[in-house]
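Colleague:
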């Protein structure tokens, strides 16, 4: 850490900072410039709160952190890619994965039809929401455990591992009993009790990036899970909130490429939420793989016009099937397989 | 609701929309323009999902909602201001309230010293965190129930009602046993299980706006609480996330003035989180009251340099005491009292 | 256009709106719902200001526009792709273009070396700034006409058409004498005198999206040029400003795919400014082509460590050459050529 | 400046940085920590481009600037407030100023009526646009010189100094002949030729903050003017673009309070553009003065329903007159006069 003193700061002010560093068993190394003095902080263990602690010492202008605040998930710690195994499907290896399915599980007919269709088209996993976070209290909030049972039934028939969202700590045990991959939604990326509880199951976790979360905050939330001893974490970029309203969110593929450098964890992309419009899903799904994503998760519905949630961003079966060979072609173009 | 058809949409496409409206017992009223046709939707109860349901019908360009999606909290429903009573302190009446205290409860000495200081300076309530959401798993996360007991002790001595955050549904019962006003933090504004559980206590709820939440989403979260039969809701603007990084967040006083028009609920402001810098807190606290806020909530610490969280945005006792008469003057200038 | 009246609006208020519509030779078509009345506006020519004009009539809640405000550049008007010819290089056809070169022209040696290198690697055009907009008045602002002459010399030797920025109306004639494609930078996207003056040359224009410009505003700026009778417009997405600071900007590939639907104009992408980090340029360049862009524009410098501007986001010659076959592979995967 | 080396950087990499510093007559001061080495840069004159120059040296993680990049406008350079004299009206002193008038000059009757009304209500200056930047090429773009003449006529009768926008360098001489205060609009905050040309007149300049400009960029644009030897600069906050769409922009009063600390220049606020809704103008105007602004600029129109631009955010004469005593009360509450 670097402590920047104000122009004209006094020796007493500098000494006060040095003394505080001493209390933490740290040394301060002075660099006296023409205009101002800066203090380099050296020592074994810099407390995470030191930055804000020093920031408002009299005579201090600002403090600058020079290392990332996450450790376990950083690529500095572990240079090789982590591969997460989800009931036999590897995520983070050379093969890109495709996860597909409806936003919400709505009925046996619906989930079975889509599970078969995406299986046939070549998808690797089935998605489907049984517990749905909704902005309005008056909208459909999912089928609950009944939905989980239908997902399990679809898995039994198709062999596809299933991913579904868990929204609150009390439901973790229930959802974990059915799911192969536990999804933490964007609204819950900083719901720490939930992600710790999910982490403690040891199961693979799909951690969606929050709508307004920085890449650093996203990786810090992954660090919460890793700190439970669970490294089976898959990150998912799903669009951030910006001033642009012509699309539902702004899919941030910069974040995918940057996250791949900063962490050893696999990163996938959700172009359905990331764009909010079904006709933008194919080009952005292709772009995601080209940007280096380890897979994509897409909403597919047998009849999007009658979907109970997010129909406008869902592909129908035919459009999904048409997309798969294009995904394979782009994966091949960047040296991977599908 | 208005359904806008594409230029050149066919009669069959229009009929398909009308048929779907009929399934919902709604009527469609056609307006045929030179370029395109729009359909006005008329009927008793428009399902909340109708908008997205119709949006991707073939031939439909977009659908436009013409009423707000929240009902119970809207000023259309209840034109008069709601006044929330927090253990005898009224919020939302002519008198503006000042809530003050440390970010985190750290020790008996600290919370008692600050409770006495803010009481003496004229504050109406005491704030203090016992459960703290933190971006990093390696930082101080609060004293837990021990902190709640210290808050209760401070209330016993000073008479100030206490406000403290609850972070997860399982803690609601515990926190509610001590608190007079249950705070839902910004990260949890859309943690629906939590806000419903908090709402069911019937206690006053302080609902902070999420970092990236629109005003509409904020009011919809309030609607979740109101839908539990609990109208004791106080909204709190605390800054939104924008491109500007010179301040921690961007305090949105437009949102305060607009929320006061759209809802009957009281609205207060947190300039400490809203700016992130203690020296910006006084001007923005004054601005908040001038903009029509019903009160402010400010971080005060006996020794901000040694605070375990958010020290950089906390006022010390002397600065808080110096601010109070200025707040009173501005309150008076806009026809209110402190 | 749709005019939404408030719940409980009076007949007088409705009549006032209808009367105003009549003044503009428009008809209002009433749709009376259970809660409120809306008025559909029908007529030959709706004035562009009508929306704001009606918005604050007493009794009006809001007005909703149902057509895009741009006409000449819209795909509704012209369904087929426009192909812009830049000194023999076609932009917008099946072949994707690659424009490469340094941020700023710095010396004869520099620009000639890079021109030869990018030519050899297969680039189709040469970029280079002679007039540079810089946030600080104390930084290098380009070589001016001397830089233009060096660009022309590079074109003479390599045959590559040249693209360079013009920053102010008075320089349009000068820059147009040298350039093959006139670049309007992001800061000037709404500098209307400049874009009209540039448009009047009839030359191909490269219109970069502003840092905070919506897709609609971007297309409206293109409309300014088209309204001068010049349809030789190439749009360029180059990243928008968001809360994320780990990358210089957030490259918005949603916008590329959406713009391709809304306008017949070609759209290219600048991943150098869009990411701000040279090591993110290759993955985002690949993603751009996968998303449907008609080409990319990349900063290349013989020695980025010594570049006078934007070195951190420039590829060196070797990295650029290594990228080209990957671009060709992705172009091929989406059915195009390079 | 601080150069942060990567963990495990080699001595050769460190030496390369030191050597480059030597080329600039700067010294590098090494601070070797447990994990990594940082280099403090010491010397008389650090080139503005050094940061980006060093940022991509092999072995360098990042470079951190520790001084503000603006000099002439910084409060460090000149601690006392600058007071700008606009034809006898002082801006930046103890008295807050109120500038009022229509968005656009539309007719003699309109501008004279409003000039008289705002004068009578106590305004200090008259605003009115003769050249208007508009997103669409099809909307009213102002009366041009005819509008300037009408403004001058209004000044002759009322004695109010006039402020009006200039949009392009070629118009500076013309507009300067009529105006007392030259306005640079938000879209042109980084139109450097324009602001330099305006600066060279030596006249007072009203510099609006760009829609997506950071506070630092805003002050750097002011630095461009100051670098012309013209210190008669008034900054104007007018709202930034965020994800919130319920208001036209998000008025950033944090920026006002922070700018007042960072620069000696006066800062005023435009709540009309900042909110986009006339009924939000009074509360935000009051908030602006409470936050420490040196004045406000408000749109006032004799008949907002018939305004040719921005009618929805304009006060009518009566509402403006009603606001003035409230502004005076809030100014008084913060120790100032109106």
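Residue numbers (this note's numbering), protein chains in the order written: chain A, 1 to 338; chain B, 339 to 676; chain C, 677 to 1014; chain D, 1015 to 1352.
For glycine and all other residues, C-beta sits at the position ideal for the given N, C-alpha and C.
1. Under 6 Å Cβ to Cβ from residue 87/A, same chain only, skipping five residues before and after it: list those, please.
2. Cutting at 8 Å between CB atoms, please list the residues of its own chain near residue 256/A, excluding the five before and the five after it.
3. What residues match up with residue 29/A in a beta bridge as DSSP calls it?
4. Shorter than 8 Å from the beta carbon of residue 542/B to some beta carbon of chain A?
5. Would you mind listing the beta strand (DSSP E) stretches within the segment 77-101 of chain A that are 3+ residues and don't spill past its ends, in chain order?
6. May I ask you to list, following chain order, the residues of the segment 985-1010 of chain C that have a beta carbon less than 8 Å from some beta carbon of chain A?
7. Just how far apart, CA to CA, sit residue 985/C and residue 7/A?
8. According to the neighbour-count rule (16 or more other Cβ atoms, all chains shown, within 10 Å of its Cβ), is residue 1266/D buried or exposed?
9. Can you name the start and end residues of the alpha helix (DSSP H) that residue 1340/D belongs to?
10. From 1034/D, 1078/D, 1038/D, 1069/D, pick the residue whose C-alpha is nearest to that of residue 1016/D; which is it?
11. Is the segment 1136-1150 of chain D touching the segment 1160-1174 of chain D, taking contact as three or more C-beta pairs under 8 Å?
12. Please look up how many angstroms separate the CB atoms of residue 1067/D and residue 878/C, rounded, as I've assumed it's under 8 Å.
13. Which of the three DSSP states is assigned to residue 477/B in this structure?
14. Flag residue 305/A as yes if its beta-carbon sits less than 8 Å from any beta-carbon of chain C, otherwise no.
15. Any beta carbon from chain B within less than 8 Å of residue 733/C's own beta carbon?
16. In angstroms, rounded to a whole number, what distance separates the CA positions of residue 1298/D and residue 1334/D?
17. Examine chain B for any beta-carbon lying closer than 8 Å to the beta-carbon of residue 938/C, and answer yes or no.
18. Check each residue of the segment 891-902 of chain C: if its Cβ is closer than 9 Å to any Cβ of chain A, include it; give the result in chain order.
19. Counting only Cβ-Cβ distances shorter than 8 Å, please list the residues of the segment 6-17 of chain A near chain D, keeping chain order.
20. Under 7 Å between beta-carbons, which chain A residues line up against residue 1257/D? List them in chain order, please.
21. How close, in whole Å, do the beta carbons of residue 1179/D and residue 1197/D come, if the pair is a contact with beta carbons under 8 Å?
22. Pairing CB atoms from the segment 1059-1066 of chain D with CB atoms from the segment 1205-1219 of chain D, are three or more of them under 8 Å?
23. Confirm, please, whether the CB-CB distance from residue 1331/D to residue 1131/D is below 8 Å.
24. Per DSSP, residue 1141/D is paired with what?
25. Any idea which residues DSSP pairs residue 412/B with across the strands?
26. Span of the alpha helix (DSSP H) holding residue 744/C?
27. Tell me the rounded alpha-carbon separation between residue 493/B and residue 1348/D.
28. Taking a contact to mean a Cβ-Cβ separation below 8 Å, would you say residue 514/B touches residue 549/B in this structure?
29. Name the residues in the segment 365-387 of chain B whose C-beta lies less than 8 Å from a C-beta of chain A; which are they?
30. Could you tell me which residues DSSP puts in a beta bridge with residue 1351/D?
31. At a Cβ threshold of 8 Å, is residue 64/A touching chain D?
32. When the cut-off is 8 Å and only beta carbons count, does residue 924/C lie next to chain D?
33. Closest to residue 894/C by C-alpha separation, out of 938/C, 845/C, 761/C, 920/C, would be which residue?
34. Using only the alpha-carbon positions, how far apart do residue 1110/D and residue 1312/D sit?
35. May I ask you to report which of helix, strand or coil DSSP gives residue 211/A?
36. Which residue wins for smallest C-alpha separation from residue 897/C, given the options 692/C, 866/C, 978/C?
Modeller: Judging by the given coordinates:
1. 161, 180
2. 237, 267, 269, 288, 291, 292, 293
3. 40/A
4. no
5. 84-86, 89-91, 97-101
6. 1002, 1005, 1006, 1008, 1009, 1010
7. 29 Å
8. buried
9. 1331-1347
10. 1078/D
11. yes
12. Incorrect: roughly 40 Å between the Cβ atoms, too far for contact.
13. coil
14. no
15. no
16. 13 Å
17. no
18. 891, 892
19. 7
20. 241, 242, 243
21. 4 Å
22. no
23. yes
24. 1177/D
25. 601/B
26. First-last for residue 744/C: undefined, no H or E at that position.
27. 32 Å
28. no
29. 386, 387
30. 1109/D
31. yes
32. no
33. 938/C
34. 13 Å
35. coil
36. 866/C
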